[in-house]
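Structure, as structure tokens:
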Amino acid sequence: PLLAFFVSIMDYATFSWTRDRLQIIPIMWDQKENYASNGFALAFAMNVPMAHVSAPPGYSEKAMDAIQRSDVAASVPEEKPDIVVVMSESFWDPTRLPGVSIKPDPIPTVRALRSGSMFSPEFGGMTANIEFEALTGFSNAFLPAGSIPYQQYVRTPTPSLATFLKSEGYR
3 PLLAFFVSIM
13 DYATFSWTRD
23 RLQIIPIMWD
33 QKENYASNGF
43 ALAFAMNVPM
53 AHVSAPPGYS
63 EKAMDAIQRS
73 DVAASVPEEK
83 PDIVVVMSES
93 FWDPTRLPGV
103 SIKPDPIPTV
113 RALRSGSMFS
123 PEFGGMTANI
133 EFEALTGFSN
143 AFLPAGSIPY
153 QQYVRTPTPS
163 LATFLKSEGY
173 R
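Per the working numbering, residue 3 is the first one in the sequence shown, and the count goes up by one each step.
Structure below.
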């Protein structure tokens, strides 16, 4: 019976009648608070599904070495350009709405300055995951649903845009 109880609360990404009735609230974005509020046994049980992360197809040490050794030095400019990355969690371009015409342009300055665009896999929350993807280049698609990398997986210094740019002489 005790094992069945823990299994019934483990997947916090889906509704659990047991969690709902006992008012167990998974606090996955703040593990310290999760353990303080839910106690060791419950917090641990809710984290168990996050422990297994499968390697994506084609992933191997040999494949990563081949990517790392690719010759890109010829395309790198001598003068380092200024790099500006803007992550505005609530910003979006309303002119992209289908069937909507807005005059005048609500974001002319942004439109004039921007170069490229991206599509965010999250909307209305989980913004730490988008920041993780943008800074590290690692996709959260291979992690269990509901994972928060900074809270559950990053335990050692991790290569990022910041560490790469620092190695290239940026301050």
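Note that beta-carbon positions come from the ideal geometry of N, C-alpha and C, so glycine has one too.
Bear in mind the structure is a predicted one, so any value in this text is a computation, not a measurement.
Using only the alpha-carbon positions, how far apart do L24 and N49 sit? 18 angstroms
What does the alpha-carbon distance come out to for the pair E91 and G60? 33 angstroms
Shortest alpha-carbon distance to P28 belongs to which of P96, I150 and R157? Looking at the Cα atoms, I150 is the closest of the given residues.
Does the distance from the C-beta atom of L137 to that of A164 stay below 9 angstroms? yes
Smallest Cα separation from M89: which of I132, W31, G41 and G148? Closest option to M89, Cα to Cα, is I132.
Below 9 angstroms between beta carbons: does that hold for M52 and L145? yes
Check the C-beta distance from V102 over to P96 and give it rounded, since I have them as a contact under 8 angstroms. 7 angstroms
Taking only the alpha-carbon atoms, compute the straight-line gap between I85 and K64 and give it to the nearest angstrom. 32 angstroms
Determine the DSSP secondary structure at T160, reduced to helix, strand or coil. Secondary structure of T160 (DSSP, three-state): coil.
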